[in-house]
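**Student:** Just passing along the structure, written as structure tokens.
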Amino acid sequence: MQIVTGRWFGVGHSTAPDSAKAGAEAAASALDGRTPRLVLVFCSTGHDLHSLLAGVRAEAGSAAAIVGSTTLGELSSSGGAAVGTVAVTALGGDGFTVRTRVAHTGGHGHRAAGADVAAAMVGMDRPHTALMLLCDGLAGDPQEIVRGAYSVVGAAVPLIGGFSGDDRGSKRSFQFHDDRVLSGAVVGIALGSEAPLGIGIAHGWHRTEPAMVVTSSEGCRILQLDGEPALDVLQRRRGAPATADLFDGVATLLALGLSRRSGDDIRVIHAGDESDRSVLATATVPQGAVCWLMDSEQQAMIDGAGQSCAEAVAGLGGAPPLGLFTFDCGGRRGVLGPDGTQQEVAAIRAVLGEVPFGGFYTMGEIARVRGSSGTHALTLVTLALA
């Protein structure tokens, strides 16, 4: 076990209404007078994003890599679960290598964008590595981005990250790369470390029987389950008289679990097409896959947050955690409600103690440790650094 000294991980938070002040305030708190290698900024779309980044840059200095995105809410050890604020996470010190790249999905497509940013990892010579992806959550098929990145880095490099959100209903989300505010982009952060990294993936949802087979699908569209129109099957299983009854609120999200070696990957079913009786999922659902309707109780979801953090820390092989990046689904926040999200933060703190953590509520999560698939929903994925 190797412990590298001189490393640090800091988190800051601001509720200031002035965007430049909020960025500077959150960054100053995260940096605490230290020189950063990497600064991650997560914030509401309601801010003046250019002014906010200028405030962060003024504190971080010209050499720091600054990346981030807009959110469905912010999640950090300094601010808890929040909406409409700014959360900044930063790291620096010895034994880290950080490289960043950005690509647009509108040029050559999602897979090409994922492959492009993954090139930041080429030649990385640290013993422990991960590729973080921050992607537009409103710009198409997320799984193709992961597949593109995987085609470059292969199975040896874990992928982790999240899809940016829009907390103000403007139907547009934004990504940050250095001092630029972008949309329709994929930001890649290649992270190399002399000390271990650990990934946690947990959601607290469970299967409801019987299982179903996806007998026909096209990308994110499920046409048939068990040989019947998918919408008919789900209406019958849920006792929903009409299509609208399946999608009547955040607190009753319709979730399918796909069987994986590491557990169940969740897909949220967010719409039905009455013309062909198909349904739409948040990410690709392969034809021939076995799936289950998923259900959860609030306490199980809260426990899942602690489980994700414990799993990430266990991946450090006994080294003490320096800090954790947290990518939590915005759908979880909606289902848990205000009281439940505070209990979720308490569950994270119960595992981590005084160890800082920072991240955001996403429109989908990325965590790939096995195979080429790696998109998730209703899940908390975490990256622990030693």
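Numbering (the working numbering), first residue to last: 11 to 396. Ideal Cβ positions, reconstructed from N, Cα and C, are used throughout, including at glycine.
Helix, strand or coil for Gly90, going by three-state DSSP, please let me know.
**Tutor:** Reduced to three states, the DSSP call for Gly90 is strand.
**Student:** Roughly how many angstroms lie between the CA atoms of Trp18 and Val112, to the nearest whole one?
**Tutor:** When rounded, the distance between both Cα atoms is 25 Å.
**Student:** Roughly how far, in whole angstroms, is the beta-carbon of Gly208 from the beta-carbon of Ala159, given that I think they are within contact range, below 8 Å?
**Tutor:** The pair is not a contact, with the Cβ atoms about 20 Å apart (cut-off 8 Å).
**Student:** Flag this pair as touching only if the region 281-294 and the region 226-245 have three or more C-beta atom pairs under 8 Å; answer yes or no.
**Tutor:** As far as the Cβ criterion goes, the region 281-294 touches the region 226-245, which means the pair count is three or higher.
**Student:** Can you look up His424 in the DSSP assignment and give me helix, strand or coil?
**Tutor:** Since the first residue of the chain shown is 11 and the last is 396, residue 424 is not available in this structure.
**Student:** For a test of the three-state rule: what should DSSP assign to Gly384, helix, strand or coil?
**Tutor:** Coil, per DSSP.
**Student:** Is the CB-CB distance between Val361 and Ala377 below 7 Å?
**Tutor:** For Val361 and Ala377, no; Cβs fall outside 7 Å.
**Student:** Cα-Cα, which of Ala320, Phe337, Arg178 and Gln309 is closest to Gly347?
**Tutor:** Closest by alpha carbon: Gln309.
**Student:** For Pro251, count neighbouring Cβ atoms within 10 angstroms of its own Cβ and tell me buried if that reaches 16, exposed if not.
**Tutor:** Looking at its Cβ environment, which holds fewer than 16 other Cβ atoms inside 10 Å, Pro251 is exposed.
**Student:** Expressed to the nearest angstrom, what Euclidean distance is found between the alpha-carbon atoms of Met131 and Gly267?
**Tutor:** Roughly 31 Å separates the two Cα atoms.
**Student:** Take His120 and list the residues in its own chain whose beta-carbon comes closer than 6 Å to its own, dropping the five residues that flank it on each side.
**Tutor:** Gly150, Asp151, Glu154 and Ile155, listed in sequence order.
**Student:** Would you mind sorting Val300 into buried or exposed? The rule is 16 or more other CB atoms within 10 Å of its CB.
**Tutor:** It counts as exposed.
**Student:** Can you name the residues that DSSP bridges to Val84?
**Tutor:** Rather than Val, the amino acid found at residue 84 in this sequence is Glu. Its beta-bridge partners are Ala92 and Phe370.
**Student:** At which residues does the alpha helix (DSSP H) containing Glu228 begin and terminate?
**Tutor:** No alpha helix (DSSP H) holds Glu228; the beta strand (DSSP E) holding it covers His216 to Glu228.
**Student:** Using a Cβ-Cβ cut-off of 6 Å (strictly less than) and excluding sequence neighbours within five positions of Glu219, which residues of its own chain qualify?
**Tutor:** Once the five neighbours on either side are set aside, Glu219 has no close Cβ partner at all.
**Student:** So, for Ser318: in the same chain, excluding its five sequence neighbours on each side, which residues have a beta-carbon less than 7 Å away from its beta-carbon?
**Tutor:** Gly210, Ile211, Ala212, Leu390, Val391 and Thr392, listed in sequence order.
**Student:** With burial defined as no fewer than 16 other Cβ atoms inside 10 Å of the residue's Cβ, what is the status of Glu307: buried or exposed?
**Tutor:** Exposed: under 16 other Cβ atoms inside 10 Å.
**Student:** Given that a residue counts as buried once 16 or more other Cβ atoms are within 10 Å of its Cβ, and exposed if not, what is Pro296?
**Tutor:** Label assigned to Pro296: exposed.
**Student:** Alpha carbon to alpha carbon, how far is Ile312 from Ala265?
**Tutor:** C-alpha separation (whole angstroms): 17 Å.
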